[in-house]
Amino acid sequence: MLQALPHPLLVQHEVALFIWREDLNHAIISGNKWHKLQPWLRAAEAKQIRHLMSFGGRHSNHLHALAFACHQRHWRSTGWVRGHATQGMTATLSDCLRWGMRLHFVSRHQYRQRHSPAWFANAHAQWPEALIVPEGGTSELGVSGVKAWGLAMAAHLPAQASIMVPVGSGGTLAGLSRALATRFDIVAVPVFKAWQGHLAELSRTYQLPSVQVWPGAGKGFGRTSAEEAAFDAFFCQQFGLLLDPVYTLKVAWQFWRRLVAGEIPQGSTWVLLHTGGLQGRRDWETAAKRVQ
């Protein structure tokens, strides 16, 4: 759903801002994860597979969505979680457990092995009946689901708009670029620091068109600065919307600080993509370590 975001500062700069509310598309599997997962679920159905495995952090929207989708279908699910069980359960992981997901906690070093052929060979040997879904659902299958979403979205977007897209694993950027880049400007906002190599690899893998990039990591992936936290409170008060602190907040803040600095062209139209998935927010508001 497209929603206008009116504000005097936007009027002053003659800029139009909208938000695409993908956080409203599903009560549990909200946002881009819904679109990334659909092709994987169909593939599992076609192959009569009833066990899905994937990876994520302790606040992973992807694992949360996967656990619920499998629970609905009475399938098994397994999540490889970056972190230690001694860190305590997050609200996200508690939901995953409640929906029957088996959790394996691994160190950062072990987590980095998830793309290695040796890891996949070992996983297939232990769980030959399982379908392994890449982190974030990003793959040709996941990207195809996002592309279909983008094509449906295009009919509702304002003409000549610039679409601001947060970048994590990159599947949303890849799919929306394929669907929208011939009609709209795409602005990629990576939410982690070492983004150059990752975007280059995404471009090679998915043959992406050139896009404008606004670095948006700030203090780092999943970490919120005092400025970003203050802007989150402002945004919520002004527009009555909750942003997730990992992705959408970073994008909104990058746009707003450029608007204040006079860097957004007069007469331009912008769409902030709310990718849904508010898992990062559930523990964030009470976690003082995230606002330093």
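Residue 1 is where the sequence shown starts when you use UniProt numbering, and the numbers rise one by one after that.
Note that beta-carbon positions come from the ideal geometry of N, C-alpha and C, so glycine has one too.
Treat the numbers as computed from the prediction; the structure is a model and nothing was measured.
| Item | Value |
| --- | --- |
| Where Lys147 falls, given that 16 or more other Cβ within 10 Å makes a residue buried | buried |
| Same chain only: Cβ atoms within 7 Å of Ser177, ignoring 5 sequence neighbours per side | Ile186, Leu208, Pro209 and Val211 |
| Coarse secondary structure for His104, derived from DSSP in three states | strand |
| Secondary structure of Arg73, DSSP reduced to three states | helix |
| Best match in Tyr206, Val191, Ala123 and His198 for proximity to Ser225 [C-alpha to C-alpha] | Val191 |
| First through last residue of the alpha helix (DSSP H) which encompasses Asp95 | Ala91 to Arg98 |
| Buried versus exposed, by CB contacts within 10 Å (16 or more), Glu140 | exposed |
| Whether Leu202 touches Val133 by CB criterion (8 Å) | no |
| Helix, strand or coil at Thr172 [DSSP, three-state] | helix |
| Check whether Asn61 and Lys36 have beta carbons under 8 Å apart | no |
| Selection from Val251, Glu14 and Arg258 that minimises the alpha carbon distance to Trp20 | Val251 |
| Per-residue burial, Met101 [other beta carbons within 10 Å of its own, 16 or more giving buried] | buried |
| Through-space distance from Ala69 to Ser77, alpha-carbon basis | 9 Å |
| Local conformation of Pro6 per DSSP, three classes | coil |
| Test item: CB-CB of Leu272 and Asp244 under 8 Å | no |
| CA-to-CA distance, Leu241 to His64, given in whole angstroms | 21 Å |
| Trp20 in three-state terms, based on DSSP | strand |
| Interface flag, Thr275 vs chain D, CB-CB below 8 Å | Here chain D cannot be found, since the structure has a single protein chain. |
| Length of the line joining the Cα atoms of Thr90 and His7 | 36 Å |
| Through-space distance from Lys193 to Thr269, alpha-carbon basis | 27 Å |
| For Asp232, three-class secondary structure by DSSP | helix |
| Residue closest to Trp253, alpha-carbon to alpha-carbon, out of Arg183, Gly216 and Gln238 | Gly216 |
| 8 Å Cβ cutoff met for Gly79 and Gly56 | yes |
| Proximity winner among Asp283, Ser54 and Tyr111, relative to Leu131 (alpha-carbon distances) | Ser54 |
| Cβ-heavy atom distance, Thr248 to the ligand HEM, below 7 Å | In terms of ligand content, the structure shown is empty, and the ligand HEM therefore cannot be addressed. |
| Backbone secondary structure at Arg290 - three-state DSSP | Because the pLDDT at Arg290 is just 42, under 50, the model does not fix this residue reliably, and the value given afterwards should be weighed accordingly. Three-state result, Arg290: helix. |
| Proximity of Trp256 and Phe231 at Cβ, strictly below 8 Å | yes |
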